[in-house]
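Student: Structure below; questions to follow.
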Amino acid sequence: MGPMPESATPPGPVPPHGWRDRTDAGRQLGAALTAYADAPQLLVLGLPRGGVPVAAEVAAALDAPLDVVVVRKIGYALQPELAAGAVAGIAGITGVVRNHDVLSYWRSRSSRADTMFKAAAEEELAEVRRREELFRPGTPVRAVPGATVILVDDGLATGSTMRAALGVVRRLAPAWLVAAAPVACGSAADIPASLADDVVVPWAHSGLDAVGLAYDSFPETTDAEVRAFLGVGGPPWLQ
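The sequence shown begins at 1 in full-length UniProt numbering and counts up by one.
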């Protein structure tokens with residue numbers, strides 16, 4: 001596939017008060033990604049758990065297969081919401097991304113910050129491997145080499161999880177790699193070209209303090225729901 005034009009995916013309209021739910025956001029994100037509908041070997045990868053309902057709508061809009069790249073945040077034990085990085089895994093490949101600003105804060109609070117980060121990263125990597133088997137039991141990931149791959153999350157808070165996912169998928173040699181989400185906080189959508197060939201975030205500079213504020217309804221997505229979106233194990237109400 002030749003290079004996509006730089007302006008191939010202009011942001012779509014953003015509702016004045018955000019979206020009803022992840023399904024609504026996914027449909028509108030799919031509309032913003034229609035330039036990729038005819039891309040060869042198109043593959044949509046959702047970031048579990050919350051990114052998968054959004055990715056499912058994108059995949060449906062583009063008539064593309066849906067799969068996942070598993071990502072986990074690395075949280076500070078005393079303040080779990082302060083993620084100093086993220087780990088991701090797909091097809092046996094794992095990677096770690098550090099948020100150096102938050103990691104510096106960890107270090108200001110504890111001399112054991114780097115030790116805690118390493119231990120937390122190893123713990124989350126084990127969880128990534130467990131979830132890969134949960135979401136894709138005995139099934140290989142769909143072919144990524146040479147494909148046009150769109151990574152989808154329900155929003156970018158710091159961008160760490162998306163960057164971790166992009167890093168591991170890039171190592172599988174896709175022809176074109178896209179980062180997509182309905183909304184971003186701060187500068188989270190400012191993803192370098194070395195990680196993503198295109199970034200599609202309709203509400204890129206939302207001014208919001210949290211991704212969930214862009215949604216009227218933002219419940220936790222369950223493992224069972226992710227499995228159901230992927231066609232694993234039947235509908236969630238039977239699990």
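Note that CB positions come from ideal geometry on N, CA and C, so glycine has one too.
Just mark Asp114 as buried or exposed, buried being the case when its beta carbon has 16 or more other beta carbons within 10 Å.
Tutor: Here residue 114 refers to the residue found at position 114 when the sequence shown is read from its first residue. With fewer than 16 Cβ atoms within 10 Å of its Cβ, Asp114 is classed as exposed.
Student: Please go through the region 28–73 and give each complete beta strand (DSSP E) segment of 3 or more residues, from N-terminal end onward.
Tutor: 42–46 and 66–68
Student: Which same chain residues, not among the five before or five after Asp197, have their C-beta less than 6 Å away from its C-beta?
Tutor: In the sequence shown, residue 197 corresponds to position 197, counting from 1. Within the same chain, Asp197 has close Cβ partners Trp176 and Leu177.
Student: Round the Cβ separation of Val201 and Ala214 to the nearest angstrom and send it over; I've been treating them as touching at under 8 Å.
Tutor: Against the sequence shown, residue 201 aligns to sequence position 201. Against the sequence shown, residue 214 aligns to sequence position 214. Contact between Val201 and Ala214 is absent: CB atoms are separated by about 11 Å, not below the 8 Å threshold.
Student: From this set, Asp153, Gly95, Leu151 and Phe135, which residue's C-alpha is nearest Leu125's C-alpha?
Tutor: As a first step, residue 125 must be located in the sequence shown, where it is residue number 125. Here the closest residue by C-alpha is Gly95.
Student: In whole angstroms, give me the CA-to-CA distance for Val87 and Gly75.
Tutor: Here residue 87 refers to the residue found at position 87 of the sequence shown. Here residue 75 refers to the residue found at position 75 of the sequence shown. When rounded, the distance between both Cα atoms is 11 Å.
Student: My understanding is that Ala64 touches Leu42, with C-beta atoms under 8 Å, so please give their C-beta distance in whole angstroms.
Tutor: Against the sequence shown, residue 64 aligns to sequence position 64. Against the sequence shown, residue 42 aligns to sequence position 42. Going by Cβ atoms, the distance from Ala64 to Leu42 rounds to 4 Å, so yes, they are a contact pair.
Student: Can you tell which of Ala119, Ala179, Glu122 and Val102 has its C-alpha closest to the C-alpha of Tyr36?
Tutor: The residue labelled residue 36 in the question sits at position 36 within the sequence shown. Per the Cα distances, Ala179.
Student: Which runs of the beta strand (DSSP E) spanning at least 3 residues fall entirely within the region 119–153, listed in chain order?
Tutor: 148–152
Student: The alpha helix (DSSP H) with Val168 in it runs from where to where?
Tutor: Start at 1 with the first residue of the sequence shown, and residue 168 comes out as number 168. Looking at the DSSP string, the run of the alpha helix (DSSP H) that includes Val168 is Ser160 to Arg170.
Student: Does the contact criterion of 3 or more C-beta pairs under 8 Å hold for the region 16–30 versus the region 47–54?
Tutor: yes
Student: Determine the direct distance from the alpha carbon of Asp67 to that of Val141, and round the result to whole angstroms.
Tutor: Position 141 of the sequence shown holds residue 141. Position 67 of the sequence shown holds residue 67. C-alpha separation (whole angstroms): 7 Å.
Student: Would you identify the three-state DSSP class for Arg98, choosing helix, strand or coil?
Tutor: Working through the sequence shown from its first residue, we reach residue 98 at position 98. DSSP places Arg98 in strand when its eight states are reduced to three.
Student: Whole angstroms are fine: how far does the CA of Phe117 sit from the CA of Met162?
Tutor: Reading the sequence shown from its first residue, position 162 is the one you call residue 162. Reading the sequence shown from its first residue, position 117 is the one you call residue 117. Each residue's alpha carbon lies about 19 Å from the other.
Student: Measuring alpha carbon to alpha carbon, tell me which residue in Leu230, Ala184, Ala228 and Ala189 is nearest Asp209.
Tutor: By 1-based counting over the sequence shown, the position of residue 209 is 209. Of the candidates Leu230, Ala184, Ala228 and Ala189, the one whose C-alpha sits nearest the C-alpha of Asp209 is Ala184.
Student: Just to confirm, are Ser206 and Ala83 a CB contact at a threshold of 7 Å?
Tutor: Numbered from 1 along the sequence shown, position 206 holds the residue referred to as residue 206. Numbered from 1 along the sequence shown, position 83 holds the residue referred to as residue 83. No, they are not a contact pair.
Student: Are the C-beta of Asp223 and some C-beta of chain C separated by less than 7 Å?
Tutor: Within the model displayed, chain C is absent; a lone protein chain is all it includes.
Student: Rounded to the nearest angstrom, how far is the Cβ of Ala32 from that of Val152, given a contact under 8 Å?
Tutor: As a position in the sequence shown, residue 32 is number 32, starting the count at 1. As a position in the sequence shown, residue 152 is number 152, starting the count at 1. Actually they are not in contact, since the Cβ atoms of Ala32 and Val152 sit about 11 Å apart, beyond 8 Å.
Student: What are the boundary residues of the beta strand (DSSP E) that includes Asp223?
Tutor: Sequence index remark: in the sequence shown, residue 223 carries index 223 (1-based). Taken as a continuous stretch (DSSP letters only), Asp223 belongs to no beta strand (DSSP E), being part of the alpha helix (DSSP H) at Asp223 to Phe229.
Student: Residue range of the beta strand (DSSP E) that Val232 falls in?
Tutor: Here residue 232 refers to the residue found at position 232 of the sequence shown. Membership of Val232 in any beta strand (DSSP E) is not indicated, and neither H nor E is assigned to it by DSSP.
Student: Strictly by DSSP, which residues pair up with Asp190?
Tutor: As a first step, residue 190 must be located in the sequence shown, where it is residue number 190. Secondary-structure assignment with DSSP links Asp190 through no beta bridge to anything.
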